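The sequence shown runs contiguously to residue 211 in this note's numbering. Heads up, the beta-carbon is just placed ideally off N, CA and C, and yes, glycines get one too. Because the structure is a prediction, the values reported are computed rather than measured. Here is the structure we will look at, set down as structure tokens.
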Amino acid sequence: MHALIVLAHPDSGSLSHGVAAQIAAGILAFDGANSFDIADLTDEAFDPRFSEADIAAHRRKAAPPADVAAEQARIDRADALVLVYPVYWWSMPALMKGWIDRVFANGWAYDDVPGSKVVKKLGHLRVHLVGIGGADVSTYERHGYLNAMRTQIDHGIFDYCGAHVVMSELFLDADAGNAAAHIEAASCIGRNIFNFQGRCTASSAA
């Protein structure tokens, strides 16, 4: 089975990169016949700007731009989609959000035709979300950030397209010496991507 791991962090030495690498290693550790592709959006210089070409594709007046079609093909080849990202302002980075804005397009991720009910087209897709934040869990709970993020991302984005969010984790207190625990949990997550059993968390994860 094949996983597409999408990563958005400008520092190649970041914990986000380490977590993504450990998830990939865990996928292979579970079954050497599995495979993965890491889409490092920074390294690949993906353009997150929603352009006139994207609007035309949304309105079904043109085919999607070539870079968008390439990303959609990557997802189509995957049995699982894994997003790994640092939490910026209680959400994902603009680069990853722009990737979603452009790639999860009308006509591919869903069908929105005036006068008709929206058709969800990604019911086959299994999604795993791993956000990495510096604050502690009490901060997220006290301000309602946990529920807000899951409403916005898990439900607002993926449920709208019919994709099934299998796992949604926040690795928190990342700036307080918990990197080793997060890396260990990431390896466990990778082993469970196609295991379909169990749940892996770091000691301070939500």
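Asked	Found
Sequence-distant residues of the same chain with beta carbon closer than 6 Å to threonine 47, five excluded per side	Pro15
Length at least 3, wholly inside the segment 39-66: the beta strand (DSSP E) runs in chain order	40-45
Short Cβ contact (8 Å threshold) for proline 70 with alanine 58	yes
Simplified DSSP assignment, three categories, for isoleucine 137	strand
Buried or exposed by the 16-neighbour rule on C-beta atoms within 10 Å, applied to glycine 161	exposed
Outcome for glutamine 27 when other beta-carbon atoms lying within 10 angstroms are tallied against a minimum of 16	buried
Presumed contact (8 Å Cβ cut-off) between leucine 130 and leucine 86, rounded CB distance	6 Å
Under 8 Å between C-beta atoms of alanine 30 and serine 192	yes
Which listed residue (Leu12, Phe41 and Val89) has its alpha carbon closest to that of alanine 50	Leu12
Stretch-stretch touch, CB-based, cutoff 8 Å, three pairs: the segment 153-167 with the segment 180-192	no
Cα-Cα separation, glycine 149 to tyrosine 90	20 Å
First through last residue of the alpha helix (DSSP H) which encompasses histidine 148	142-148
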